[in-house]
Ligand SMILES: Cc1ncc(COP(=O)(O)O)c(C=O)c1O
């Protein structure tokens with residue numbers, strides 16, 4: 472019986488993730504036989520490296536894949552520790568590493584372990600919508616910081632200062648949806664501001680490895696108090712494996728362990744094993760990044776002619792965030808029309824920026840070269 476009387480918790484009263492809704496519409500059209508080009512979701516088109524698949528098949532055939540330790544397999548935690556040493560020259564002891572259900576699972580653990588109901592946590596807008604939505608569901612006050620795209624970095628510190636007191640700050644570099652990256656100096660300035668003001672910095676480094684004109688810096692190189700979150704979903708192209716990690720300060724590990732034991736028991740054993748193999752597949756994965764780089768250039772050339780202007784400088788990740796205000800004041804409507812007329816799925820900006828997102832679009836270029844080129848052809852014809 473559909474009981475209308477029983478309540479639905481108000482904490483679930485958060486915004487949907489519109490990109491996923493666009494994907495659902497696009498998939499429905501595709502299932503009905505339409506020729507759809509997916510530029511809406513940030514999902515690599517290539518899939519996990521070959522060696523990962525082979526080793527996962529072998530593990531499945533061996534049989535036993537049980538629970539692991541709640542914080543992750545010791546071998547997984549060691550492998551992540553070694554990854555920081557070899558890729559960044561940063562020494563992180565394995566007991567600070569936590570295996571998680573993607574970066575998404577890490578957000579939940581990090582927020583639950585670091586913040587109480589009513590705490591104030593700053594996020595940067597436009598930004599990844601789940602930060603805001605998860606924080607809200609947990610009863611944490613979200614404080615949006617909005618540095619204008621043209622303003623210099625010191626503006627961020629100025630805005631943080633205005634909104635102080637804060638208990639936390641979440642940053643992503645490279646960022647979604649803009650692809651912008653902080654320089655090493657900017658990151659270090661932010662970290663020392665957080666340190667002085669006793670603000671917990673959470674650095675989402677999920678797009679590390681996908682960068683075009685500068686190398687990323689990890690927040691772990693500067694301070695023991697930061698939490699770094701990363702995942703196998705993007706550079707490693709393993710979205711559906713739902714495996715990620717977090718590096719947390721020693722002082723937070725017991726809290727995180729209790730939360731993750733009770734929420735998840737343990738992360739997927741198969742995915743942790745596969746992830747260890749993926750860490751050694753950088754040569755193959757770098758060819759994926761080269762492919763995204765070509766797509767990025769093709770779109771950067773085409774989009775301004777179509778009226779999508781003021782592209783944010785996409786130093787990394789695989790998105791272009793563009794201003795469409797010359798074409799519409801309602802990009803949700805524009806994206807729906809585009810999907811219907813020419814089968815090109817693009818995400819409206821409203822996900823990333825509740826204030827100005829209706830004038831922006833986000834295009835993902837994690838697809839194949841042919842997909843991106845065909846999307847450009849269709850968009851040019853559509854524009855007429
Ligand atoms: C900035 C950012 N963080 C986290 C996530 C979620 O990643 P995961 O698949 O590891 O949960 C995404 C996914 O698009 C993202 O863009």
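Numbering (this note's numbering), first residue to last: 472 to 855.
Note that the Cβ used here is the ideal one computed from N, Cα and C, for glycine as well.
Between residue 595 and residue 642, the C-beta spacing is below 9 angstroms. Under the rule that a run must span 4 or more residues, the alpha helix (DSSP H) segments found entirely inside the region 472-531 read 489-502. Sixteen is the threshold: since fewer than 16 other Cβ atoms of the shown chains lie within 10 Å of the Cβ of residue 482, the residue is exposed. For residue 792, the enclosing beta strand (DSSP E) has its first and last residue at 790-794.
In this structure the region 665-685 does not lie against the region 808-823, because fewer than three pairs of beta carbons, one per stretch, are closer than 8 angstroms. In the DSSP secondary-structure assignment, residue 675 is bridged to 643, 700.
Taking the Cα of residue 640 as reference, the smallest distance to any Cα among 621, 649, 749, 628 is reached at 628. For residue 824, the shortest C-beta to heavy atom distance toward ligand 1 is 8 angstroms or greater. Nearest C-alpha to residue 516 among 747, 745, 558, 758: 758. Sorted by chain position, residues whose beta-carbon lies closer than 6 angstroms to a non-hydrogen atom of ligand 1 are 513, 573, 574, 575, 599, 643, 647, 675, 677, 702, 704, 710, 715. When secondary structure is reduced to three states using DSSP, residue 855 falls in the coil class, being assigned neither helix nor strand. Beta-bridge analysis with DSSP links residue 816 to 509.
In the assembly as shown, residue 652 is a buried residue. Its beta-carbon has 16 or more other beta-carbons within 10 Å.
If you ignore the 5 residues before and after residue 786, its C-beta comes within less than 7 angstroms of the C-beta of 645, 650, 651, 652, 682, 683, 684, 685, all in its own chain and listed in chain order. According to the DSSP assignment, residue 664 belongs to no beta strand (DSSP E) but to the alpha helix (DSSP H) extending over 655-667.
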